[in-house]
Amino acid sequence: MIDRKHQSRSAKPGPADAPRPDDEARLRQQAIGVGLRQMFDQVVNEPVPDEFLDILRSADLRRKEAGE
Amino acid sequence: MSGPESSATPPPAVKPAGARTPSEDADFKRELVGLIPHLRAFARSLCGDPTAADDLAQDAMLKAWDARASFQIGTNMKAWTFMILRNQFYSEKRRSWRQSQLDQDVAERTLLAVDDPEAPIALDELRLALRSLPDEQREALVLVGAGGFAYEEAAEICNCAVGTVKSRVSRARRAVQAALISGGYERDGGAAGDAMGSILSDAERLSGVR
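Line by line, the protein sequences give chains A and B. Going by my numbering, the first sequence opens with residue 1, and the numbers climb by one from there. Going by my numbering, the second sequence opens with residue 1001, and the numbers climb by one from there.
Okay, structure coming up:
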């Protein structure tokens, strides 16, 4: 009975365009978080330009030639 | 506390800075290579323009390599390299990655005007909103919100107090949210709030996939 009461309360159709301000803010922040990670991961998932590895390789070579 | 006598034996995971063996150098190099994609992403978030960002990331990578003897093995190398990249960004204000900022904004606005007004736009809007933030707020939000760093780590990277990072992140979040809702940027006939709507639907779609 109590469950039912709760259910009917939460299932009450609220105005879809106006969620509670707290929920709305939370949803928006969640969305921003998802967007931020997406933006960041887009770049992380790009193939690394060869230049990076070339630069590192020649730096490593210089170290070896310097003799250790 | 009857802790172990630590004056003679350093903690096992952390090796003090100093000369490295070739095999330690090789390990360092491998880990550094693995971090390149993250350095590129962080650099892009700092300076916007992809080419300038790659210049910055390359400089930071090389700096990290040259400074490898001062890296404490066993500590967080990602945070360490991000710190180097960030210092590089702020210390060379006159470099191209700084100057290209304005041009990039213009380019992005132009893109917005002709682009499809669907999902990809949302990220562009977010990008623009990020661009409008002060550097300190943007980097804090990116490190914590996208880079996966804890507040404490972000504070170390940014060389400031944990509380400062927290307040920067929360100010940045509010500002981004406000910018996305008001649609403070010129859009081609797009109603205010569209950007937020498409980001929200994006978020729903993504969380459905997970």
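Even glycine gets a Cβ: it sits at the ideal position worked out from N, Cα and C.
Show which residues of chain B have a CB atom less than 8 Å away from the CB atom of residue 60/A. 1025, 1029, 1065
Roughly how many angstroms lie between the CA atoms of residue 1033/B and residue 21/A, to the nearest whole one? 45 Å
Are the beta-carbon atoms belonging to residue 1060/B and residue 1088/B less than 7 Å from one another? yes
For residue 1130/B, is the classification buried or exposed, using 16 other Cβ atoms within 10 angstroms of its Cβ as the cut-off for buried? buried
Could you pull the start and end residues of the alpha helix (DSSP H) that residue 35/A belongs to? 21-44
Going along the chain, which residues of its own chain have a beta-carbon closer than 7 Å to the beta-carbon of residue 1044/B, five neighbours each way excluded? 1050, 1053
Short Cβ contact (7 Å threshold) for residue 1057/B with residue 1040/B: yes
According to DSSP, is residue 1125/B part of a helix, a strand, or is it coil? helix
Determine, for residue 1137/B, whether the minimum Cβ-Cβ distance to residues of chain D falls below 7 Å. You won't find chain D in this structure, because its protein chains are A and B.
Beta-carbon of residue 1145/B versus every beta-carbon of chain A: anything under 7 Å? yes
Distance between beta carbons of residue 1165/B and residue 1175/B, contact taken as under 8 Å: Their Cβ separation, rounded to whole angstroms, is 15 Å, which puts residue 1175/B and residue 1165/B out of contact at 8 Å.
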